[in-house]
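Participant: Here it is: the structure, laid out below.
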Amino acid sequence: GWAEVNREATDAALLLAAGDDGRRVDLRSEADRRRIREALGDLGERVFGEGGSFDRNVALLRAYVEGYDRIRPWLQEEPREIELGPDRFGEHRAFAGDDALAVYVDDLVLELPGTGLPEGVELGDCQGYDSPNPRHREKVQEYLLGAHAIVYVVSSRVGVREADLRFVRDIKALGLLDAAGFVLNADLGEHPSAEDLERIRDRVAADLAPLTGKAEVAVLSALRGLLGARRAAGEPLDRKEELLLELWEESPARALDGFRAYRDRLFRTVREARGREIERTVRAAVRGAARALLARVDSALALAREETRRLAAEQDALVRARAQVEASLGAFEKAVRAAAAEVREQAFRKVDRQFHPSGGEVAERFLAKVRELPAPELGATGDRKRFHREMARVYQEMRAAFQTLKVEELNPRAVEAIRAVWAEASSALKDAARGPAELLVRNVEAYNREAQRLGLPVAPFDPPELDPSIGRRVIPLPSAVTYAGGEHPADRALGLAAQWTRKAAAGWARRLVGRQDRAGFARGMLADWAEAVREVLLEEARSNLLHYNEQVKYQLVAANLEALADAWIAAYRELAQAALQDLSALERAVEERRGQGADLVPRLEGLRDAVAPLAA
């Protein structure tokens, strides 16, 4: 939406085309767009901090301005999702291939029919992880945390690069290495022998070994697999593609091409992972409902087959046993609620000891690194306009280093710390609930013994097995923390920029009148400005950590503990209530069946046979 776009533009344009008057940039304003164009034009061909954040922000502003007229009909104040049909594929492609449009897009999804992929499979392309923009890397990290499988492709032409090692190191830090598979994509025509390709494969495995251990590296030709699939589907190939396939058929390296085997194994891995996730979601609910229904069907069958005259004499014993079950169920619920509250407070303290800016271990380590953020090399200039550009460069490069620090250092440590806190909290809750749960089980078993004495079948009462893992998707990244209210850090930076602009202008005027050393004045001002920027970033880091600390406590730990307690209580309640059959209602049903002369037994047996596999 426009709010996010203008926030990005304001941050990129700080002290370049915005900030002098202390207000935000609004790209919908013709005056603001003109001011940005003029500022970009003043830069000319000179490159400031080549390869640094200043260049990236210039490119960002240029793309925003160039794409404005075309994006204006699409964009609204709040973010929106746009769905384009097959007849508008060209427009979709423009959003992916045109920088002036792509800069306005947060994410792109392309649905392709007839690709040969299993139904419902989504591929996430992680290109751009070596982008100098930390926000691109943050988006890739979010993709990885939600993936069922990770395929890391290494080209046989290039091998393992330093950027690949950084990427794999981050995958390992996020705890996702077990889900990753490594592939060597080879052009079979470039390798004179299978041994040559084997050497490259072994070298790739050796380069990855310090991070992955002894990792299997599959060898395949993706292009050969694609062309082969197209030919098998009856799609005509051009002459060049036919020649490539013929060349590869004659290549000795073809023996190592494991495209089909790896494809089948990958699809099986994805299918099994999705199946496990779906199974975990529905297993407890389906089994509990099936057991409850099965118990009712069994009771109905027993009452239909057996005489019920003994039921009245023995009903008092069942009532007493049922009362004990109900009482122990209430005690179990109270105990779990109380334990959840106590465990929550303990977990809150552990979260504070990790993330609170006043003493948290993870927070202190991160703040120490922020305090040590180096200032970029300061240039000395007597020209006032160049002095302002130097201020902009200092700010942008220090902020980029700050964002990179959050993504590379803070995110992995936060994920690791949260998993440790949750493991202790869920284990403590389970231990606290064990005693009341065992009492409830004993009382249900006593009730079942009374029912069996009357000749009534009973279903086994097994304590529910619930997965206490917090999962990957719900763990928030501290670099993506949002602010529920109050001043955004960008507003603080705007105010600081306006203050320093006025301060520099006043000092410049005094030295212009006094003919003092303007270059020396500029150097001193830039050094003070770098220190001020570091303090602003430190303040933002504390605010970020404080917001994240509260978010983890209340939106993650507290909410998940409450959900876990609710799930346990609901599961035990459902199983207990399944054992407590309404015997008087069953008696009336039997009398009605006798009076009507209907035979319910075959129907109930058929229903039981259908439900029993679901309850197993």
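Counting from 1 along the sequence shown, just add 29 to a position and that's the residue number in the working numbering. Cβ coordinates follow ideal geometry from the N, Cα and C atoms, glycine included. All figures in this text were calculated on a predicted structure; none of them were measured in a lab.
#1: Give me the residue from 379, 221, 179 with the minimum Cα distance to residue 277.
#2: Within 7 Å: the Cβ of residue 192 and any heavy atom of the ligand SAH?
#3: Which of the three DSSP states, helix, strand or coil, is assigned to residue 82?
#4: Taking the C-alpha atoms as reference points, what is the distance between residue 103 and residue 120?
#5: Short check: CB of residue 96 to CB of residue 69, under 8 Å?
#6: In chain order, what residues of the same chain have a beta carbon less than 6 Å from the beta carbon of residue 379, not counting five sequence neighbours either side?
#7: If you draw a straight line from the alpha carbon of residue 595 to that of residue 360, how long is it in whole angstroms?
#8: When DSSP builds the beta bridges, which residues end up paired with residue 181?
#9: Do residue 291 and residue 258 have their C-beta atoms closer together than 8 Å?
#10: For residue 447, does the count of other Cβ atoms within 10 angstroms reach 16, so buried, or fall short, so exposed?
#11: Per DSSP, which residues does residue 92 bridge with? Please list them.
#12: Can you list, in chain order, the residues of its chain with a C-beta nearer than 7 Å to that of residue 582? Leave out the 5 residues immediately preceding and following it.
#13: Between which residues of its own chain and residue 244 is the CB-CB distance below 8 Å, once the five residues before and five after are set aside?
#14: On the DSSP letters alone, give me the boundaries of the beta strand (DSSP E) that residue 247 sits inside.
#15: Nearest CA to the CA of residue 6: which residue from 563, 155, 477?
#16: Quick check on residue 113: does DSSP put it in helix, strand or coil?
#17: Here's a check: name, in chain order, each residue in its chain whose Cβ is nearer than 7 Å to the Cβ of residue 38, leaving out the five neighbours to either side.
#18: Classify residue 464: buried if its beta carbon has 16 or more other beta carbons within 10 angstroms, exposed otherwise.
#19: Taking only the alpha-carbon atoms, compute the straight-line gap between residue 373 and residue 382 and give it to the nearest angstrom.
#20: Taking DSSP as the reference, what is the three-state secondary structure of residue 397?
#21: Thinking just about the alpha-carbon of each residue, which of 200, 67, 132, 123 is nearest to the one in residue 31?
#22: Any contact between the segment 411-427 and the segment 179-195? By contact I mean 3 or more CB pairs, one from each, below 8 Å.
#23: Run the CB neighbour count on residue 389, radius 10 Å, all protein chains shown included, and call it buried at 16 or more, exposed below.
#24: Taking 8 Å as the threshold (C-beta atoms), are residue 507 and residue 577 in contact?
#25: For residue 444 and residue 204, which I take to be in contact (beta-carbon distance under 8 Å), what is that distance rounded to the nearest angstrom?
#26: Starting from residue 239, follow the alpha helix (DSSP H) in both directions and report where the run begins and ends.
#27: Going by alpha carbons, who is nearest to residue 474 out of 199, 605, 265?
#28: Judging by CA-CA distance, which residue of 192, 202, 230, 178 is the nearest neighbour of residue 209?
#29: Between residue 434 and the rest of its own chain, which residues show a CB-CB distance below 8 Å, the 5 nearest in sequence each way excluded?
#30: Measuring only the C-alpha atoms, how far is residue 296 from residue 260?
#31: Nearest by alpha-carbon distance to residue 371: which of 405, 64, 457 is it?
#32: Determine the closest residue to residue 254 out of 217, 139, 558, with distance taken between C-alpha atoms.
#33: On the CB-based measure, 16 or more other CB atoms within 10 Å of its CB, does residue 455 come out buried or exposed?
#34: Got a sec, what are the start and stop residues for the alpha helix (DSSP H) residue 119 sits in?
#35: State the DSSP-derived secondary structure class of residue 419, mapped to helix, strand or coil.
#36: Nearest to residue 564 by CA position, among 427, 365, 393, is which residue?
Facilitator: Straight from the coordinates:
#1: 221
#2: Among the components of this structure there are no ligands whatsoever, and the ligand SAH is therefore not found.
#3: Because residue 82 sits at a pLDDT of 48, beneath the cut-off of 50, its placement in the model cannot be relied upon, and the point is left open.
#4: 12 Å
#5: no
#6: 450
#7: 14 Å
#8: 211
#9: no
#10: buried
#11: Looking at the DSSP output, residue 92 bridges to nothing.
#12: 377, 380
#13: 211, 234, 237, 238
#14: 246-249
#15: An answer regarding residue 6 cannot be provided, because it is not within the stretch 30 to 645 covered by the chain.
#16: Look at residue 113 here: in three-state DSSP terms it is coil, with no helix or strand label.
#17: Once the five neighbours on either side are set aside, the close Cβ partners of residue 38 are 54, 56, 90, 93.
#18: exposed
#19: 14 Å
#20: helix
#21: 132
#22: no
#23: buried
#24: Going by C-beta atoms, residue 577 is nearer than 8 Å to residue 507.
#25: 7 Å
#26: 223-241
#27: 605
#28: 178
#29: 395, 398, 399, 402.
#30: 21 Å
#31: 457
#32: 217
#33: Counting the other CB atoms within 10 Å of its CB gives residue 455 a total of 16 or more, which places it among the buried residues.
#34: For residue 119, the uninterrupted alpha helix (DSSP H) run begins and ends at 118-126, by DSSP.
#35: helix
#36: 427
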